[in-house]
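Visitor: Please see the structure below; I have some questions.
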Amino acid sequence: MTQPDFRSIERARKLLALWRGAVGGEKSKARGALMRVLENSNLTLRDLEAGLPTTLDPEDSLSVREADTLLLSLDGSPAERDAALTRLADLPGLSVAERERVLRFLDLGRLVASRADGWVQTQADAEITAEALTRAGQYLTESEVARSPGATLADSARDLGFLRAAQLVRPERTLKASGEYQAAFLASLCAALSGIPASSHGPDPEGRYSVTAYLSVNELSQVRARLAREEAGLRRELLRAARLYGREVGQQKL
């Protein structure tokens, strides 16, 4: 067998990509063109991507999971690995083990930096800039991204990056609470305003309660204003919940 013509391989790869994205008559045309190129060049689908069958018909690849093919490419040449990583970053359906394998090769910091400008345009947190998101990407770990519930690795990196960036651009604050219920109310209020989880604490040895939250100056002023405005409402809700719970318990059989 003669040495494969790399121009034919590149042409066949483009036709394979075209076939994958086409529908109807265009898909049929791409299939025929691809099979002719492969046959005339003494190539098979395996020569185009590791993991594909050693046949000419691209429809034979439908039974092959795309992720399996791409994961095999991670052990290929640097060019093959880079191409596979580009696709794997946005490929849904990877298991945690598969995500961990990809992340051994994928630079999370570079991924976030390359997409930061676009990502910040799609979110509502005015405090976060592309620079802050890029900086946050440097702190992401492979373990947390692999186990994040995002549909893809890029989604997980984006969501965790925004959370970390939101913390970086806001100071950590400790707010005093009058009791356990107000602390719970404050923690939820802070989290809703900033988009960052807040935690309530107490009682300490002196019986005091507090909340730890990441808040901008504007968000802090909103927390104080809403707490003052809703303090009576909080008491009403607590009384209502107590009555409902008492009724529920009273209706239970002993």
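Its first residue numbered 1, the sequence shown is counted upward by one per residue in full-length UniProt numbering.
Beta carbons: idealized from backbone N, C-alpha and C, even for Gly.
Below 6 Å CB to CB, which residues in the same chain sit around S200 once its five sequence neighbours on both sides are set aside?
Guide: Counting from 1 along the sequence shown, the entry for residue 200 is found at position 200. Taken in chain order, the residues that qualify are A183, A184, A187, V211.
Visitor: Could you please give me the residues that DSSP links to G169 through a beta bridge?
Guide: Position 169 of the sequence shown, counting from 1, holds the residue named residue 169. Note that residue 169 corresponds to Val in the displayed sequence, not to Gly. Looking at the DSSP assignment, V169 forms no beta bridge with any residue, so it has no partner.
Visitor: With DSSP run on the structure shown, which of helix, strand or coil describes S28?
Guide: Position 28 of the sequence shown holds residue 28. DSSP places S28 in helix when its eight states are reduced to three.
Visitor: Please report the residue range of the alpha helix (DSSP H) in which S210 lies.
Guide: Numbered from 1 along the sequence shown, position 210 holds the residue referred to as residue 210. No alpha helix (DSSP H) holds S210; the beta strand (DSSP E) holding it covers 209–214.
Visitor: Between the Cα of S41 and the Cα atoms of E49, L52, L56, which residue gives the shortest distance?
Guide: Locating residue 41 in the sequence shown gives position 41, counting from the first residue. The shortest Cα separation from S41 among E49, L52, L56 belongs to L56.
Visitor: Taking buried to mean at least 16 other C-beta atoms within 10 Å of its own C-beta, is A165 buried or exposed?
Guide: Stepping through the sequence shown from its first residue, residue 165 is reached at position 165. Classification of A165: buried, given that the 10 Å Cβ count is 16 or more.
Visitor: Are the beta-carbon atoms belonging to L103 and R87 less than 8 Å from one another?
Guide: Here residue 103 is taken as the residue at index 103 of the sequence shown, counted from 1. Here residue 87 is taken as the residue at index 87 of the sequence shown, counted from 1. No, the pair does not count as a contact, with Cβ atoms beyond the cut-off.
Visitor: Which one of R173, E100, A191, A124 has the shortest CA to CA distance from R147?
Guide: Translated into positions along the sequence shown, residue 147 becomes position 147. Looking at the Cα atoms, E100 is the closest of the given residues.
Visitor: How far does the beta strand (DSSP E) with S199 in it extend, from its first residue to its last?
Guide: Here residue 199 corresponds to residue number 199 of the sequence shown, with the count starting at 1. Run containing S199: 199–201, per the beta strand (DSSP E) assignment.
Visitor: So is G137 buried or exposed if we call it buried at 16+ other beta carbons inside 10 Å?
Guide: By one-based count along the sequence shown, residue 137 stands at place 137. The residue is buried, with at least 16 neighbouring Cβ atoms inside 10 Å.
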